[in-house]
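All remarks here apply to the structure that follows.
2 protein chains.
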Amino acid sequence: MAYSLGFDFGTLSCRAFLLNLEDPQDSSSGVALFEHGVLSDTLPEGTDLLGSEWALQDPRDYLQAAREALKACLPVDDPRRLQIAGIGVDCTASSPMPTNATGRPLSLDHPGEPHAYVKLWKHHRAEPWVERIQDAPGADRYLEQYGGQLSCEWLIPKAFELLESSPAMWNATERFVEAGDWIVQQLTGAWTRNLCAAGFKGMWSGNYPDAAFLNALHPELGRLADEMLAGDVISPGCRAGTLSVESADWFDLPSGIPVSAATIDAHSGLLGMGVSGAGSFGMIMGTSVCQLFVAPDRRIVPGVMGVVEGGILPGLFAYEAGQAAVGDLFSWYIQQLYPKSSTPESDCHRVLTEQAGSVPPGSNGHTVLDWINGNRSILLDPALSGAVFGLTMGSKPAEIYRACLESVVFGCRVILDAVRAAGVTFNEVVACGGLTENELLMQMYADVLGLPIRVSSEKETVACGAAMYGAMSAGFADVAALAPPASTTFMPDPAMGTRYQPAYDTYLRLHDRYGREDKLLKQLRELRHSH
Amino acid sequence: MAYSLGFDFGTLSCRAFLLNLEDPQDSSSGVALFEHGVLSDTLPEGTDLLGSEWALQDPRDYLQAAREALKACLPVDDPRRLQIAGIGVDCTASSPMPTNATGRPLSLDHPGEPHAYVKLWKHHRAEPWVERIQDAPGADRYLEQYGGQLSCEWLIPKAFELLESSPAMWNATERFVEAGDWIVQQLTGAWTRNLCAAGFKGMWSGNYPDAAFLNALHPELGRLADEMLAGDVISPGCRAGTLSVESADWFDLPSGIPVSAATIDAHSGLLGMGVSGAGSFGMIMGTSVCQLFVAPDRRIVPGVMGVVEGGILPGLFAYEAGQAAVGDLFSWYIQQLYPKSSTPESDCHRVLTEQAGSVPPGSNGHTVLDWINGNRSILLDPALSGAVFGLTMGSKPAEIYRACLESVVFGCRVILDAVRAAGVTFNEVVACGGLTENELLMQMYADVLGLPIRVSSEKETVACGAAMYGAMSAGFADVAALAPPASTTFMPDPAMGTRYQPAYDTYLRLHDRYGREDKLLKQLRELRHSH
Chain A
473 MAYSLGFDFG
483 TLSCRAFLLN
493 LEDPQDSSSG
503 VALFEHGVLS
513 DTLPEGTDLL
523 GSEWALQDPR
533 DYLQAAREAL
543 KACLPVDDPR
553 RLQIAGIGVD
563 CTASSPMPTN
573 ATGRPLSLDH
583 PGEPHAYVKL
593 WKHHRAEPWV
603 ERIQDAPGAD
613 RYLEQYGGQL
623 SCEWLIPKAF
633 ELLESSPAMW
643 NATERFVEAG
653 DWIVQQLTGA
663 WTRNLCAAGF
673 KGMWSGNYPD
683 AAFLNALHPE
693 LGRLADEMLA
703 GDVISPGCRA
713 GTLSVESADW
723 FDLPSGIPVS
733 AATIDAHSGL
743 LGMGVSGAGS
753 FGMIMGTSVC
763 QLFVAPDRRI
773 VPGVMGVVEG
783 GILPGLFAYE
793 AGQAAVGDLF
803 SWYIQQLYPK
813 SSTPESDCHR
823 VLTEQAGSVP
833 PGSNGHTVLD
843 WINGNRSILL
853 DPALSGAVFG
863 LTMGSKPAEI
873 YRACLESVVF
883 GCRVILDAVR
893 AAGVTFNEVV
903 ACGGLTENEL
913 LMQMYADVLG
923 LPIRVSSEKE
933 TVACGAAMYG
943 AMSAGFADVA
953 ALAPPASTTF
963 MPDPAMGTRY
973 QPAYDTYLRL
983 HDRYGREDKL
993 LKQLRELRHS
1003 H
Chain B
473 MAYSLGFDFG
483 TLSCRAFLLN
493 LEDPQDSSSG
503 VALFEHGVLS
513 DTLPEGTDLL
523 GSEWALQDPR
533 DYLQAAREAL
543 KACLPVDDPR
553 RLQIAGIGVD
563 CTASSPMPTN
573 ATGRPLSLDH
583 PGEPHAYVKL
593 WKHHRAEPWV
603 ERIQDAPGAD
613 RYLEQYGGQL
623 SCEWLIPKAF
633 ELLESSPAMW
643 NATERFVEAG
653 DWIVQQLTGA
663 WTRNLCAAGF
673 KGMWSGNYPD
683 AAFLNALHPE
693 LGRLADEMLA
703 GDVISPGCRA
713 GTLSVESADW
723 FDLPSGIPVS
733 AATIDAHSGL
743 LGMGVSGAGS
753 FGMIMGTSVC
763 QLFVAPDRRI
773 VPGVMGVVEG
783 GILPGLFAYE
793 AGQAAVGDLF
803 SWYIQQLYPK
813 SSTPESDCHR
823 VLTEQAGSVP
833 PGSNGHTVLD
843 WINGNRSILL
853 DPALSGAVFG
863 LTMGSKPAEI
873 YRACLESVVF
883 GCRVILDAVR
893 AAGVTFNEVV
903 ACGGLTENEL
913 LMQMYADVLG
923 LPIRVSSEKE
933 TVACGAAMYG
943 AMSAGFADVA
953 ALAPPASTTF
963 MPDPAMGTRY
973 QPAYDTYLRL
983 HDRYGREDKL
993 LKQLRELRHS
1003 H
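Chains A and B supply the protein sequences, listed in that same order.
Read left to right, the first sequence gives residues 473 to 1003 (my numbering).
Read left to right, the second sequence gives residues 473 to 1003 (my numbering).
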């Protein structure tokens, strides 16, 4: 049994990843798009979605795409199919769906009903229910682990949205389940809830919000706790069950293969980068950045968004923080403020990065507050907006672009310093994601954070992490040894760190002023919606 | 004697303007470029100018271009040439030149010597001498009328630059004279100094800085006051002399025509807009905006840049304020921050203005501090930089562009409110210049300032003002009646004024914070030069 298999369910596709447990560098992967993609305008059978910010998925796509991805990774007649020790699954979250008691999605029987489908993580219509939950008596005890802040992307607001937006679908719902947990249930026949999604996105902390709390919000909502969320909550890497005969037939795999509890895609990346214990500060870097780490004990870190015991690795406390716009900020600059948009955007990034490399630390007197999507950590305030300071007739695009790069690095240092102040120490940063290819940016992180940055050589870090969880569920002992080695390590230059200090001090002063004292950047964003 | 003639000497050309005193709407004009333009790289005889920020003119160009412009305005055989009652001259300032005692420019005998030429207003190499003058004991009494702030564009720093940069030319200089005054001297043979340039750009207030003050700066500098600035200082509109026989020959005009003392070009525009007394707030609108008005008494208006008795109209106090970037700000936005620059800039302005017209007051939550060129009034701080607040993923170019428009209008209201707070009242704004064609912008001014804005129908407002000064010097009584009528009046809408109030309050709060309390936007600009 020399291999482990990971399935990574993203926003648009599923990726299969085969990891050789005896030679981890020998891996392969395949990918398949979801047939229906993200449903934001129309349902598959033709019904129009009214209003904005819908983001649904069709659950039929998951296993279909998984089978195709596996074929692309491993031909049907490949003998390695008989040597798979374990299977792991990661998925976006919170992406919940209503099913009946056997796991049959309501969308199969109600194809014209939007609320019968999977509500993808970025479905943003549950905002009205967020405030009602947050303001309810007794909410504090469930919000403590999130710094007091709930998101409209999470499980409970989406359940409440279902109840009040479509009472008929609510009444038909017997299980309300994360897509990742539903996939595991389809693979194994067993109902489990993964501790990662439950803890980070589901208000779970030993239990979900209880029926009394929920019924006070709406007399029907208590049924969520009593019935709809049934299933053991277990850590990723723990065995949820084994591959059923039906699923084995579907995938052309042997039945009985251990299957891990699911996990959140980003969080799978931490394992995929080889983190198996305390001391590593992980960054999954894309349009936004997710900061993750584990520690042996629970610490109060103001503004860190989630703390979940066993959420990433059994027996360790997992912590999550985030920056809402990172890659998004750079692309936004080019799309909205860069005067030479006839060039393709990717070329703009390259050209501007080259030019920005010649601009000294401090961006020649430009400071950006990077809050165009609000601030996740440590201010927990999605209602903030961004700002640019220091503009002159002579301001050059590369200077403003560099100030955008510096702002996200400074924003990360604010997070790291808050964690350090709570007594957690780190000896390295590990990073994955597309942005790691920007060497200027990564060196900036190393210099400003004062830590070496290790970048994985594996592009499919998240899918690799899923395969490692699969191995873990099969009892494989030294999972960290399966991680791909670092391709590049960026070493901090203390002299450069010193040169960044004045600009960081300026950023921090503006961060505290407009994040804590002065409501201006919140009031300005509110004006967008007041007309 | 039914006509008056104005000569407007600008940066690149001279314009002649013939005004029919009996039918002011019957006017004509002609223009001629200066043969040598602005000398910034090379002198006419080939010598390279070393270093940056040179801006010289060749005085031979002035009368040459004036004669050609007059011909373009009025054919040589036109009988109206015999019916000219008076001549007025406006010119850029401070644009001084060294001559001998008869007015022969040193550049004629020293064509390879940069310091022998006219130093145009925008020659920016005298900065090092500004601080030495400002810091000298006793400087306060000369700086009071400028709010304590000297500019490197002004007369005395340029004289000091001449002395220390070219002692030989300094020693050869017998008169150091504004180009406008030199032109009047050439026309009439009489040495006068116009009170407008002397008062607003020459540290003149009853007298120039005295020899004792100047000698303390440099033992040679006192000669400036004792000899080089000789000549009566008189108001524009007062008669400097009459057209000499030599000049009459040169221009093909009768000799003996009264010639007014010169004036500054922008300031000539106030008369050209028909302002002959208190109550009108004038704006000459271009890349920057010059605000001008007259009042019967001297008021202390903090941050208003100049107060000169008789500086614009005899017997009245003239006040000047300014905004350093207005048209410049809009063009800068398009050149530096607007993502669709493949379109020609003028089209961008039109398209963005159209789109900005649909954005509500307050620019959907965007606020700009318009200090990309620093702030003239009322902060008197060229070292400030600008900022943009309220940026989000959804920010649209038209919203930011509108926030730029609003910022200069708000900046103007800060000036107007400071003047009103000093007890000066206004019943209208009069405006001229290219920006007046932007109806969205002009209506914004009316709504935010709460005053009707009268825009002159005459494009050549400045040259028309020069002709009006010519008529005044000939004794013509009702000069204001000669001004062209308003082409458009923008009436304030009080309801719109109320809708702008919250955005103005935000602007004012940021203005006071970053203009007075917090040094951030100065420190950021300093960083541009610290590497």
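Glycine included, C-beta positions come from ideal geometry on N, C-alpha and C.
All values derive from a computational prediction rather than experimental measurement.
Residues of its chain near residue i, where Cβ-Cβ distance is below 6 Å and the 5 sequence neighbours each way are ignored
i, result
"B/K594", "A527"
"B/S500", "L490, C545"
"B/I736", "A565, C668, A669"
"A/V503", "S485, R487, A541"
"B/G610", "F685"
"A/E646", "N572, A573"
For residue i, the three-state DSSP class (helix, strand or coil)
i, result
"A/R576", "coil"
"B/Q497", "coil"
"A/C486", "strand"
"A/G794", "strand"
"A/S727", "coil"
"B/A702", "coil"
"A/G922", "coil"
"A/K991", "coil"
"A/A712", "strand"
"B/G787", "coil"
"A/Y475", "strand"
"B/S707", "coil"
Own chain, CB closer than 7 Å to residue i, minus 5 neighbours either side, in chain order
i, result
"B/W1007", "With chain B covering 473 to 1003 only, the question about residue 1007 of chain B has no answer from this structure."
"B/T933", "G741, G744, M745, C904"
"B/D682", "A697"
"A/E633", "R597, A598, W601"
"B/D965", "D919"
"A/P629", "A598, W601, V602, I605, L622"
"B/A712", "V656, T660, A662, T664, I706, V731, S732, A733"
Contact belief for residue i with residue j at Cβ below 8 Å, rounded distance in angstroms
i, j, result
"A/E757", "A/V798", "Before going further, note that residue 757 of chain A is Met rather than Glu in the sequence given. Their Cβ separation, rounded to whole angstroms, is 6 Å, which keeps A/M757 and A/V798 in contact under 8 Å."
"A/V766", "A/G749", "7 Å"
"A/G794", "A/S849", "6 Å"
"B/Y805", "B/F882", "The pair is not a contact, with the Cβ atoms about 16 Å apart (cut-off 8 Å)."
"A/A796", "A/G846", "5 Å"
"A/L912", "A/A967", "That belief does not hold up - the Cβ atoms of A/L912 and A/A967 are roughly 17 Å apart, past 8 Å."
Identity of the residue in the options nearest residue i by Cα
i, options, result
"B/P586", "B/G518, B/R613, B/G652", "B/G518"
"B/A952", "B/L785, B/E646, B/T564, B/Y534", "B/L785"
"A/S707", "A/M944, A/R985, A/Y979", "A/M944"
"A/L622", "A/A504, A/I605, A/A631", "A/I605"
"A/S716", "A/L659, A/V747, A/K630, A/V705", "A/L659"
"B/A651", "B/M569, B/Y941, B/F898", "B/M569"
"A/Y972", "A/S928, A/G922, A/D498, A/E692", "A/G922"
"A/P768", "A/R926, A/G783, A/P832", "A/G783"
"B/R892", "B/R771, B/Y589, B/P974", "B/R771"
"B/E792", "B/L801, B/A890, B/S803, B/V780", "B/V780"
"A/E871", "A/G895, A/D533, A/S835", "A/S835"
"A/A1008", "A/P639, A/D498, A/G837, A/G778", "Since the displayed chain A opens at 473 and closes at 1003, residue 1008 of chain A lies outside it and no answer follows."
Close beta carbons around residue i, own chain, < 8 Å, minus the five adjacent residues each side
i, result
"B/E998", "A855"
What are the start and end residues of each continuous alpha helix (DSSP H) run of 4 or more residues lying completely inside the stretch 745-784 of chain B, in chain order? none
Run through the stretch 582-647 of chain A for me and flag every whole alpha helix (DSSP H) of 4 or more residues, listed as ranges in chain order. 599-607, 612-615, 627-637, 639-644
Just to confirm the assignment: which complete alpha helix (DSSP H) runs, minimum length 4, are found wholly within the stretch 828-911 of chain A? 869-893
Give, in chain order, every unbroken run of the beta strand (DSSP E) that is at least 3 residues long and sits entirely within the stretch 656-699 of chain B. 664-666
Hey, which unbroken runs of the beta strand (DSSP E) at 3 residues or more fall wholly within the stretch 926-979 of chain A? 958-962
Complete runs of the alpha helix (DSSP H) confined to the stretch 495-575 of chain A [at least 4 residues]: 532-545
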